[in-house]
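Residue numbers (my numbering): 1071 to 1826.
Idealized CB from N, CA, C, for every residue including glycine.
Nothing here was measured: the structure is a model prediction, and the numbers come from that model.
Remarks on the structure that follows.
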C-alpha cells in the first residue's frame, strides 16, 4: 500500500515525505445540522414536527456549488475539513431506514473536496441531543423510543427549542446550551450512556434502551462509512479520520443530589431548574424556578419564574401507538409515567423525592460516581464500540477522540485504549465573548484554571488588559493540551472547535462595516492556538447560507467566517509568469551547507536578479478603501500565514497581525530534499509579492502562486540545511484594515497570565 497521506508520529502529524503537518482546518458546515428538504432553519416553526419526512441532501452545499466553496476555503489557507453530518441525516425516517440519496450526495461532495487536496475527518455531530430538544443530531424517533413527547417540551420546559419559541427573533443568546441541564437531555444522555444501570426496565425490542440507541447510532455511522469505503476513491484520501460523538454529555449520571444545582454546573441562564424541578415540570407539575442572567461580571441570579404546564406531561400518553416505528416495548416499561418514577426515584402520588442520590452511585457495585467516573466508565464503553466499528471499515483510520467539553480526559495512558492513531480533540470557546457577544478588552477570566482549582477564589482568575487576556487564552489552550498528555498519553492535539461570534455589540459591524472587535477577538484566538503548540484546529465555522439577519440559521448563533451579506476577499488572479523570490543562486546549495549568517532578502536587493514585473502578481490584489477593508468579515485575522509542511520539527510559529510578520523556527534532522521542502501558506492579502521581505537562517526559498483546480493561493517553499532553522517573513502594513482596534493589539510580547 502507498504511504498514508497523513500519519501520526508521537504527538506530530507527518506526510508521506515525513514532513510535519499542521492541520489548519474549518468546520463545514454548521447548517449541515438542518434539513434542506424542507428547508428548516431553527427559527422556522412550519413542518417542524414532521421529523420522519426530511432530507439533508444538499448539505453542506450542493454538488454543483461545492467547487466554489472548497476553492474559497483553499484560497484562504485551509488544508483540513471537519465534515459535519448527523445521525438524523442518515436515519431520519425510522430505525434502520437509511437515506441512500443523502449518502450518495455526501460521497459526491467529498469527491470535490478531494480535488482540492483537503484532509477530511468525519464528525458525527450533535448538540443537546436532537433538533427536537433544541439542538441537532439524533432523529426524532429516538425521543419517542425513550417515551418522551417532543410536542410538549415547550410548555414543560423539558427543552427550549428555537422552532417552537413564541418570538423566534427574541430567542435568548446561548440559551440553547442550557438544554443540557433540562429534562429531555438529562433523560436521553442518561439512557444513551447508562440505561442498563439506571433504567433496567426500559426494554425495547428485547434490548435495554441503552443498547437499542447505541446499536442504531453505531450501525447508522457504519452504514455511511461502508458506503464511503465502497465508493473506492475516498478512503484515506481525502478521508484521513473519524471523530467520536460531538460534545458528549453525562445526562444525570454522577448527580449526587437531584434537588440541588451541581457545583460543577457553571452555565445558568434563563430558568435554571434543579433536576428534581425538571422532573416535576416534565410531569405536569408547577414549580417556582430561579432565573439567571449573564452580566458584566458573569452569571447572576435575576429572580424566579413560575413554570406551570397545567398538567401537560413531557412523557408520551399511555395510549400512544408504538406501531408507528415498528418496535415492541416491554410491558414492564409503562408509557404515560416518568421513567424515573418507574425506577423508584420519586413518588408521583405524593410528588416526593425518594432517592435523591440515585444517579450518584453505580447500581451494580455501589461505587460513587463523579464526572471522571462517567468519562472513564460509561463514555469509554461507548467510545470503544464506536472506534471498533470505524476500524472494521477503515483499519488505518485516525481517531479524533473528543471527551466531554472541558472535563478531565479519561485516564487511558499506557492502557489498551492508548491508541497510537488517536488524536486528542478538545473544544474551546472564550465563554465571556460567546455569552455576551462582545469582545471585552478590559477583562476576561481564566475559566479552565477555575475549573481545575488553580485559584483560591475565582476573583483571582480575572485578567485585566488585552495583553493579559490574549496570553490567558493561550495559557488555557496550552493547559488543555498538556492535560490531554497527562491523562491520555502522547498524542497530537487538535482543537476541533474554536471560534468567535460575529454579531457582537448588537450587530454593530453589520450597520457600520467596522469589524475591529471581530478582528481583535479572532486574532486573539489564533494567537492562542499558535502559542499553545497545538497540532491543528478546525475553526467553527463555515456556513454558505449565513445572513446578517439570522446568522448561521441555528439557535441565533453567528460564527461563520462567510456571510452572503459581507464582501469576501478578491481571489488572486493568475500571474502572467511564475512569481518567485530567491536569494542569489550562487550561494551554497541548501543540501550542502547552512548559511553562516542570516540572509535578508527584500524587493530592493532582488532587483539585480528579478524584475519588478516578475515579482508582481498582475491584478492579484485589489487595493481597497478603509471602509471596504473593514467589510471583509474580519478576514484580516483568519486568512493568515501558517506552516503547511515542515522538514523537521516545528518548535514555534506565529503571525503578528499588527506588524504583518510571520515567524517560525524548527529543527531539521537533515537537509531538505529538492522534492520535499518546508512549505508555508502565505496569503497575498498580507504578503503581496512586491512588498514582502524574507529573512532565513540559511538555504533558499521561493514564493509562487499555486493553481489547485482554480483555487489560486500563494505559498513559500524553503530549502534549508539540518539543525536549528528560522524564518521571518514581513508583509505590508495596510492602513485601515483594523481601524479602531490598533491600540488594542498586544502582539509583540508574550507575558505571564498573572494572578491579580
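Option in the options with minimal Cα separation from residue i
i: residue 1617; options: 1111, 1081 and 1077; result: 1111
i: residue 1608; options: 1594, 1527 and 1497; result: 1497
i: residue 1553; options: 1735, 1186, 1508 and 1494; result: 1494
i: residue 1780; options: 1143, 1122 and 1292; result: 1143
i: residue 1642; options: 1177, 1105 and 1147; result: 1147
i: residue 1433; options: 1600, 1269 and 1122; result: 1269
i: residue 1316; options: 1587, 1397, 1398 and 1192; result: 1192
i: residue 1312; options: 1336, 1629 and 1195; result: 1195
i: residue 1709; options: 1752, 1748 and 1728; result: 1752
Backbone secondary structure at residue i - three-state DSSP
i: residue 1829; result: Since the displayed the chain opens at 1071 and closes at 1826, residue 1829 lies outside it and no answer follows.
i: residue 1357; result: strand
i: residue 1553; result: helix
i: residue 1625; result: coil
i: residue 1292; result: helix
i: residue 1139; result: helix
i: residue 1795; result: strand
i: residue 1454; result: helix
i: residue 1430; result: helix
i: residue 1246; result: helix
i: residue 1756; result: coil
i: residue 1771; result: strand
i: residue 1783; result: strand
i: residue 1438; result: strand
i: residue 1234; result: helix
i: residue 1463; result: helix
i: residue 1636; result: coil
i: residue 1570; result: coil
i: residue 1297; result: helix
i: residue 1182; result: helix
i: residue 1614; result: coil
Beta-carbon contacts of residue i that lie in its chain and below 7 Å, excluding the five residues immediately before and after
i: residue 1560; result: 1080 and 1081
i: residue 1355; result: 1421
i: residue 1114; result: 1233
i: residue 1620; result: 1111 and 1113
i: residue 1672; result: Only weak support exists for where residue 1672 lies, its pLDDT of 43 falling under 50; the coordinates are left without a value.
Same chain, Cβ closer than 8 Å to residue i, neighbours up to 5 away in sequence not counted
i: residue 1802; result: 1730, 1756, 1757, 1758, 1761 and 1762
Opening and closing residue of the beta strand (DSSP E) in which residue i lies
i: residue 1483; result: Here residue 1483 belongs to no beta strand (DSSP E), and DSSP marks it neither H nor E.
i: residue 1469; result: 1468-1471
i: residue 1532; result: 1532-1534
i: residue 1323; result: Element bounds for residue 1323: n/a, residue is neither H nor E.
i: residue 1083; result: 1082-1084
i: residue 1309; result: 1309-1313
i: residue 1079; result: 1077-1079
i: residue 1748; result: 1748-1751
i: residue 1765; result: 1763-1766
Strand pairing of residue i, partner residues [DSSP]
i: residue 1563; result: 1494
i: residue 1720; result: 1736
i: residue 1150; result: 1095 and 1189
i: residue 1370; result: 1363
i: residue 1828; result: Lying outside 1071 to 1826, the shown extent of the chain, residue 1828 is not represented and no answer is given.
i: residue 1227; result: Beta-bridge pairing links residue 1227 to no other residue.
i: residue 1608; result: 1095
i: residue 1218; result: 1385
i: residue 1376; result: 1358
i: residue 1420; result: Residue 1420 is not bridged to any residue.
i: residue 1109; result: 1106
i: residue 1399; result: 1274
i: residue 1513; result: 1534
Residue i, enclosing alpha helix (DSSP H) - first and last residue
i: residue 1602; result: 1586-1602
i: residue 1161; result: 1157-1161
i: residue 1503; result: 1501-1506
i: residue 1266; result: 1253-1268
i: residue 1211; result: 1211-1215
i: residue 1517; result: 1517-1521
i: residue 1347; result: 1345-1352
i: residue 1412; result: 1409-1412
i: residue 1708; result: 1705-1708
Own chain, CB closer than 6 Å to residue i, minus 5 neighbours either side, in chain order
i: residue 1514; result: 1502, 1533 and 1539
i: residue 1490; result: none
i: residue 1847; result: The displayed coordinates of the chain run from 1071 to 1826. Any statement about residue 1847 would go beyond what the structure contains.
i: residue 1287; result: 1157
i: residue 1396; result: none
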